[in-house]
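Numbering (our numbering), first residue to last: 37 to 105.
Even glycine gets a Cβ: it sits at the ideal position worked out from N, Cα and C.
Keep in mind it's a predicted model, so treat the numbers as computed, not measured.
Shown next, in C-alpha coordinates, is the structure this report addresses.
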Amino acid sequence: MANTHFRTLTFVIDGQRCVKCGACALDCPVQIISEKTLQFFIGPGCIGCGDCYEICPVGAIKKQQVDDI
(Lines of atoms letter the chains of each structure in order from A; the text may use other names.)
(Lines give C-alpha, C1' and ligand atoms only; values in the text may rest on other atoms or scores of the structure.)
Protein backbone atom coordinates (compact mmCIF):
# COMPACT_ATOMS: atom_id res chain seq x y z
CA MET A 37 0.00 0.00 0.00
CA ALA A 38 1.38 3.38 -1.02
CA ASN A 39 1.92 6.03 1.61
CA THR A 40 -0.06 9.09 0.51
CA HIS A 41 0.63 12.58 1.80
CA PHE A 42 -1.74 15.48 1.35
CA ARG A 43 -1.00 19.18 1.65
CA THR A 44 -3.75 21.28 3.12
CA LEU A 45 -3.85 25.02 2.64
CA THR A 46 -4.83 27.05 5.67
CA PHE A 47 -4.39 30.65 6.70
CA VAL A 48 -3.05 32.53 9.72
CA ILE A 49 -3.47 36.16 10.76
CA ASP A 50 -0.36 38.21 11.50
CA GLY A 51 -1.40 40.09 14.63
CA GLN A 52 1.22 42.79 14.09
CA ARG A 53 -0.06 43.68 10.61
CA CYS A 54 -3.77 43.26 11.33
CA VAL A 55 -5.66 46.56 11.70
CA LYS A 56 -8.67 44.84 13.35
CA CYS A 57 -11.12 45.96 10.64
CA GLY A 58 -13.04 42.65 10.75
CA ALA A 59 -13.38 42.32 6.96
CA CYS A 60 -12.03 38.76 7.10
CA ALA A 61 -14.56 37.68 9.75
CA LEU A 62 -17.46 39.19 7.83
CA ASP A 63 -16.38 37.51 4.57
CA CYS A 64 -15.65 34.02 5.95
CA PRO A 65 -18.20 31.57 4.48
CA VAL A 66 -17.90 29.19 7.46
CA GLN A 67 -17.77 31.95 10.11
CA ILE A 68 -14.72 30.62 11.98
CA ILE A 69 -12.79 33.88 12.26
CA SER A 70 -13.31 35.56 15.60
CA GLU A 71 -11.88 38.39 17.66
CA LYS A 72 -10.35 37.48 21.01
CA THR A 73 -8.36 39.81 23.23
CA LEU A 74 -8.08 42.51 20.55
CA GLN A 75 -6.82 40.11 17.87
CA PHE A 76 -8.56 38.09 15.19
CA PHE A 77 -7.99 34.33 14.96
CA ILE A 78 -8.84 31.73 12.34
CA GLY A 79 -10.31 28.81 14.24
CA PRO A 80 -10.43 25.11 13.47
CA GLY A 81 -12.62 24.32 10.53
CA CYS A 82 -10.94 26.57 7.97
CA ILE A 83 -11.87 25.22 4.52
CA GLY A 84 -8.93 26.93 2.81
CA CYS A 85 -11.08 28.96 0.42
CA GLY A 86 -8.85 32.06 0.68
CA ASP A 87 -11.68 34.59 0.92
CA CYS A 88 -10.09 36.16 4.02
CA TYR A 89 -6.70 36.29 2.30
CA GLU A 90 -8.18 38.09 -0.70
CA ILE A 91 -10.24 40.64 1.24
CA CYS A 92 -7.64 41.71 3.83
CA PRO A 93 -6.78 45.36 3.03
CA VAL A 94 -3.33 45.21 4.64
CA GLY A 95 -2.09 41.73 3.71
CA ALA A 96 -2.16 40.49 7.31
CA ILE A 97 -3.38 37.01 6.37
CA LYS A 98 -0.73 34.52 5.29
CA LYS A 99 -1.02 31.20 3.50
CA GLN A 100 0.27 28.19 5.42
CA GLN A 101 0.75 24.66 4.10
CA VAL A 102 -0.03 21.84 6.52
CA ASP A 103 1.06 18.27 5.82
CA ASP A 104 -1.57 15.61 6.40
CA ILE A 105 -0.69 11.93 6.45
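Going by alpha carbons, who is nearest to residue i out of the options?
{"i": "Cys98", "options": "Leu45, Thr44 and Ile49", "result": "The residue asked about is misnamed: residue 98 is Lys in this sequence, not Cys. Here the closest residue by C-alpha is Ile49."}
{"i": "Lys72", "options": "Ile83, Gly58 and Gly84", "result": "Gly58"}
{"i": "Gln75", "options": "Ala61, Gln100 and Cys85", "result": "Ala61"}
{"i": "Gly84", "options": "Gly95, Gly51, Val102 and Cys54", "result": "Val102"}
Please work out which residues of its chain come closer than 7 Å, Cβ to Cβ, to residue i, disregarding the five sequence neighbours upstream and downstream, and give them in chain order.
{"i": "Cys64", "result": "Asp87 and Cys88"}
Using a Cβ-Cβ cut-off of 8 Å (strictly less than) and excluding sequence neighbours within five positions of residue i, which residues of its own chain qualify?
{"i": "Pro80", "result": "Ile68"}
{"i": "Cys82", "result": "Thr46, Phe47, Val66 and Ile68"}
Per the DSSP calculation, residue i is bridged to which residue(s)?
{"i": "Lys99", "result": "Phe47"}
Contained alpha helix (DSSP H) runs [length at least 4] in the region 64 to 98, N- to C-terminal order: 87 to 91
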